[in-house]
Amino acid sequence: MFPASRYSAAKAHRCIRALKTVQLEHAAPQQYTTINRRASSSVTTPPITTHYTIHSRDKDPRWEGIEMERFADEADVVIVGGGPAGLSAAIRLKQLANEQEKELRVCLVEKASQIGAHTLSGACLEPSALSELIPDWKERGAPLNTPVTEDVFSLLTEKHRIPIPILPGLPMVNHGNYIVRLGNFVRWLGEQAEELGVEIYPGYAASEVLFHEDGSVKGIATNDVGIAKDGSPKDVFERGMELHAKVTLFGEGCHGHLAKQLYKQFNLRENCEPQTYAIGLKEVWAIDKKKWRPGRVEHSVGWPLNRNTYGGSFLYHLDEGEPLVALGFVIGLDYSNPYLSPFREFQRWKHHPSVAPTLEGGTRIGYGARALNEGGIQSIPKLTFPGGLLIGCSPGFMNVPKIKGTHTAMKSGMLAAEAIFPKITAENPESETLGLHVPEYAESLKKSWVWKELYAVRNIRPSFHNYFGLYGGMVYTGVFYWICRGKEPWTLKHAGLDADQLKPAKECTPIEYPKPDGKISFDLLSSVALSGTNHEGDQPAHLTLKNDSVPVERNLAIYDGPEQRFCPAGVYEYVPLETGDGMRLQINAQNCVHCKTCDIKDPSQNINWVVPEGGGGPAYNGM
Amino acid sequence: MSGRVLVGVKRVIDYAVKIRVKPDNSCVVTDGVKHSMNPFCEIAVEEAVKMKEKKLIKEVVVVSCGPQQAMETIRTALAMGADRGIHVEVTGKDYENLGPLQVSKIMAALAKKEDALLVILGKQAIDDDCNQTGQMTAALLDWPQGTFASELSMEGDKIKVVREIDGGLETVKINTPAVITADLRLNTPRYATLPNIMKAKKKKIANVKPADLGVDITSRLEVLRVDEPAQREAGVKVETVDDLIARLKEAGRI
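Protein chains in written order, with the numbering used here: chain A, 389 to 1011; chain B, 57 to 310.
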């Protein structure tokens, strides 16, 4: 309908949004396929994946004669990811360089179109790491505008709220913390970094790790641009660029795609437990001024989740002029019922009698979702390897009961910078490999308050894996954390990979979710539109499948296609085949909000999320 | 003739972002919202760079009017292949009131100052949909205009422009110097790749104020109020024609 152009005409840009809606409407998104329909057919699976990471370009005749040489540049340090960890590392490096009057080229690449656009979090920030990094943050205008004034914790039943006293010493005490819009905080960090001379390149995604001949990490390459949806090169095709560095820091956030490759390459996970995750969905609302209580922090557990599904809600009242609240729902991805839809649990929670009145008369102004780590200290991998190291939520330093990971992510970035700096500025760096190995980073992390904090809370999350579920976990927390401060001599294990926890659909009951009312709860598509997410349409889908026939043959047949329910952006849909009987998986890659849940929870571990063309993805504003 | 082309680019809210009106109904929320170069301006830059690559012109100068952030838009154009930039600094209330008339006065002044052969603009901006700046610039300069261009070719010192009009396509031949506005099908803009962004840092961006160009940017328009479009209400189904007539009468429509 529209000629091949990156954008369409002025009035038609509204049509693009309508087109997106039409595309998804035809499959009636609120009615999911049930097992009653014949799940597979004798027709061969239509090809889905065209990405070059699955279908190599080496032997592809369409790529013959295309110039594949890449422009390369050298820096001292390259940082992948412009989040709290990456930016803190960059800032610390430049602070040290300026103090000691040394030249240092620090380059940071970020896949979002601007710093902060892919950042999503509650968030209650503990300012400990920030005060260490930038002691005069207040004078510099850091957007920490809302000190926590009230802290409320509840256990919800379907109609009631049971308040639970927050005794001092419990992990969720928030005194001294600030409610922040993390996207705005990250944007401010980006400005601080640029002032110090860090080269920040938003809109360019690191898509490949580069290696020296000796196997150490040489740097990264940014994404190629101008590949058509079918995998062939377009006229505007251009290769990405190589950035070489003495050390590369990987701060991709929870479940980074390059980190996934590095775990395999350097066997970083051989002595730790698999990481476990949760999905966090969030909305920002402008509410009625009368309902607004700036500085109020509310958390709840219980309804609508059953006692064996880990999760809960948050609702924070921001104090930034307009009466805004940030609210959301977190669900552990070790849930077992494939009929569970995190998005719809979130929407129905908002109708609870203790939540709905706050939202009545308000307007929803933002929506988004992101996976977060729950593994704690048991799941931290080996952090360093020749030529690079892992920082932030990528290896995973989140304090789960506190639900805070920003302060530890920032501290890990700072410690990384402090460990690297002497090595890269040394006159004669002694190194066995071309890429520098900096094991000092891991050592200093283990001696820091990050490790002490994570050690103390290590048993709280795994304590939920008992018959009493939530209640057992709360008793354990009360006894062993509040009284014993986590000093018990044992360390509980997690239950294994989140992807292995789903039970087959026939062993579970479908959940009856209420229809969205359009005032407090909403449908998926209008929510996705509010995230501002978009991608260049004519590119291979970045949700790649290792095997195109597994979704229908396994995910749909055994688990009734859980990806149609756990994706918070409506990327996955099972639609009837155009000819004959049976279903096929349709991937609406343009809707993706980069949350990584599919890569984590796919029971067949068939979905491999890779980075799309830089600049694509959500356009969060202060989420 | 200088062989210089002036290209105007505008920084607008990205087309995929959901717009929100400020609670005081004064304007649209722009703080922290994702912005990008107007899609038609990208096409204009691409066309100018293509002409330079074909050696039809010598230099591409890109211009943007706005606050500090407009520099990012100019850098993107420089990364696409423009040679140098001019940032016309307009901030605060002045920027909120900056409209096609003021911008065209600025473009006209710069076209004279830079001795431009061509001024290429996007046909319209996706935030205000005015579709006026190109036409006004041509009028102020008393230059011919080729608007809604879907194809351009230089023929000696004239330009042949294929224009997209309501009835189809119209081909005109105009003298230079001239003003061109780019329509969708003129070309497919190239990506601003990272090596080019790095190189663009070394290209010059001059900073000028409208007063330096002798341009008065006071607006003759005052925005009274901005509202979101009315919510679309549910339709009503009727069983018979009589029912329909009765309902229409009720609603005062007939």
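For glycine and all other residues, C-beta sits at the position ideal for the given N, C-alpha and C.
Fair warning: this is a prediction, and the values are worked out from it, not measured in the lab.
TODO: Helix, strand or coil for Gly-469/A, going by three-state DSSP, please let me know.
DONE: coil
Task: Glu-1001/A, buried or exposed, once every other Cβ within 10 Å from all chains shown has been counted against 16 - done: buried
TODO: Could you work out which residues of chain A lie near Val-282/B, taking near to mean beta carbons separated by less than 7 Å?
DONE: Going along chain A, no residue has its Cβ under 7 Å from Val-282/B, so there is no contact; the nearest lies around 15 Å.
Task: Nearest residue (CA-CA) to Thr-232/B, options Asp-80/B, Val-175/B, Ala-205/B, Arg-219/B - done: Val-175/B
- [ ] Pick helix, strand or coil for Glu-413/A, following the three-state DSSP scheme.
- [x] At Glu-413/A the pLDDT is 40, less than 50, meaning the model places this residue with poor confidence; the figure from the coordinates comes in the next sentence. In the three-state scheme derived from DSSP, where H, G and I count as helix and E and B as strand, Glu-413/A is classed as helix.
TODO: Would you mind telling me which residues of chain A sit closer than 7 Å to Tyr-247/B, beta carbon to beta carbon, in chain order?
DONE: Close to Tyr-247/B, with beta-carbon spacing below 7 Å, are these residues of chain A in chain order: Val-613, Gly-614, Val-624, Glu-626.
- [ ] Closer than 9 Å by beta-carbon distance: list the chain B residues that pair up with Thr-610/A, in chain order.
- [x] Thr-249, Leu-250
Task: Residue nearest to Val-788/A in terms of C-alpha spacing, selected from His-506/A, Ala-757/A, Ile-779/A, Gly-699/A - done: Gly-699/A
Task: Near-chain B residues of the region 494-521 of chain A (beta-carbon distance less than 7 Å), N- to C-terminal order - done: Taking 7 Å as the upper bound on Cβ-Cβ separation, chain B lies near residues Ser-501, Gln-502, Ala-505 of the region 494-521 of chain A.
Open item on the list: Counting only beta-carbon separations shorter than 8 Å, does Ala-267/B have a partner in chain A?
Closed with: no
Task: Status (buried if at least 16 other CB within 10 Å, exposed otherwise) for Gly-607/A - done: Burial call: buried.
TODO: Reducing DSSP to helix, strand and coil, say where His-143/B ends up.
DONE: strand
Open item on the list: Using 8 Å as the threshold, is the C-beta distance between Asp-239/B and Glu-220/B below it?
Closed with: yes
TODO: Quick one: grab the DSSP three-state call for Gln-158/B.
DONE: helix
TODO: Output yes if chain B places a C-beta closer than 8 Å to the C-beta of Asp-461/A; else output no.
DONE: yes
Task: Assumed close pair Ala-804/A, Leu-637/A - CB separation to whole angstroms, cut-off 8 Å - done: 6 Å
Task: Candidates Gly-591/A, Phe-541/A, Leu-728/A, Ile-567/A, of which the one nearest Val-999/A by Cα - done: Comparing Cα positions, the closest option is Gly-591/A.
- [ ] Please confirm if the region 743-758 of chain A is in contact with the region 665-675 of chain A, defined as three or more CB-CB distances below 8 Å between the two stretches.
- [x] yes
Task: Nearest-angstrom Cα separation, counted from Ser-509/A out to Cys-983/A - done: 12 Å
Task: For Thr-132/B, the three-state DSSP class (helix, strand or coil) - done: helix
Task: Collapsed DSSP secondary structure at Ser-428/A in the structure displayed - done: Interpretation of Ser-428/A is limited by its pLDDT of 46, a score under 50 that renders its predicted location unreliable; no figure is taken from the coordinates.
Task: Separation of Ala-530/A from Leu-577/A, as counted between CA atoms - done: One C-alpha to the other measures close to 8 Å.
TODO: Can you give me the start and stop residues for the beta strand (DSSP E) that Ile-808/A sits inside?
DONE: Premise fails: Ile-808/A lies in the alpha helix (DSSP H), 794-813, not in any beta strand (DSSP E).
- [ ] Output the residue ranges of the beta strand (DSSP E) runs that lie fully inside the region 536-613 of chain A and measure 3 residues or longer, sorted by chain position.
- [x] 538-544, 549-552, 587-590, 594-599, 605-610
Open item on the list: Does any residue of chain A have a CB that is nearer than 8 Å to the CB of Ile-75/B?
Closed with: no
TODO: Buried or exposed for Thr-203/B, please, with buried defined as at least 16 other CB atoms from any protein chain shown within 10 angstroms of its CB.
DONE: buried
Task: Closest by C-alpha distance to Ser-620/A, when choosing among His-600/A, Ile-454/A, Gly-780/A - done: Ile-454/A
Task: Cβ-based neighbour list, Lys-881/A, same chain, cut-off 8 Å, excluding 5 preceding and 5 following - done: Glu-661, Gln-766, Pro-850
Open item on the list: Assuming Ile-756/A and Ser-501/A are in contact, meaning their beta carbons sit under 8 Å apart, how far apart are those beta carbons, in whole angstroms?
Closed with: One detail in the question is off: residue 756/A reads as Gly in this sequence, not Ile. With 8 Å as the limit, Gly-756/A and Ser-501/A do not qualify as a contact, their Cβ atoms being about 15 Å apart.
Open item on the list: Give me, in chain order, the residues of the same chain whose beta-carbon lies closer than 7 Å to that of Gln-952/A; leave out the 5 immediate sequence neighbours on both sides.
Closed with: The answer, listed in chain order, is Tyr-420, Tyr-960, Glu-961, Tyr-962.
Task: Closer than 8 Å at the beta carbon, the chain B residues around Arg-572/A - done: A quick correction: the sequence has Asn, not Arg, at residue 572/A. Within chain B, the residues near Asn-572/A are Gly-88.
TODO: Identify every run of the beta strand (DSSP E) within the region 159-241 of chain B, keeping only runs that are complete inside it and at least 3 residues long; order them along the chain.
DONE: With a minimum length of 3 residues, the continuous beta strand (DSSP E) runs that stay inside the region 159-241 of chain B are 174-178, 201-211, 214-221, 224-231, 234-238.
TODO: Closer than 8 Å, Cβ to Cβ, to anything on chain B: give me those residues from the region 550-582 of chain A, in chain order.
DONE: Against chain B - using a Cβ distance shorter than 8 Å - the residues of the region 550-582 of chain A are Gly-571, Asn-572, Arg-575.
Task: Buried or exposed (CB count within 10 angstroms, at least 16 for buried), Asn-816/A - done: exposed
Task: is_contact[Ala-290/B, chain D] using C-beta, thresh 8 Å - done: As a matter of chain content, chain D is missing from the structure shown, whose protein chains are A and B.
- [ ] With 9 Å as the C-beta to C-beta threshold (strictly closer), list the residues of the region 582-611 of chain A near chain B in chain order.
- [x] Glu-587, Tyr-589, Gly-591, Tyr-592, Thr-610
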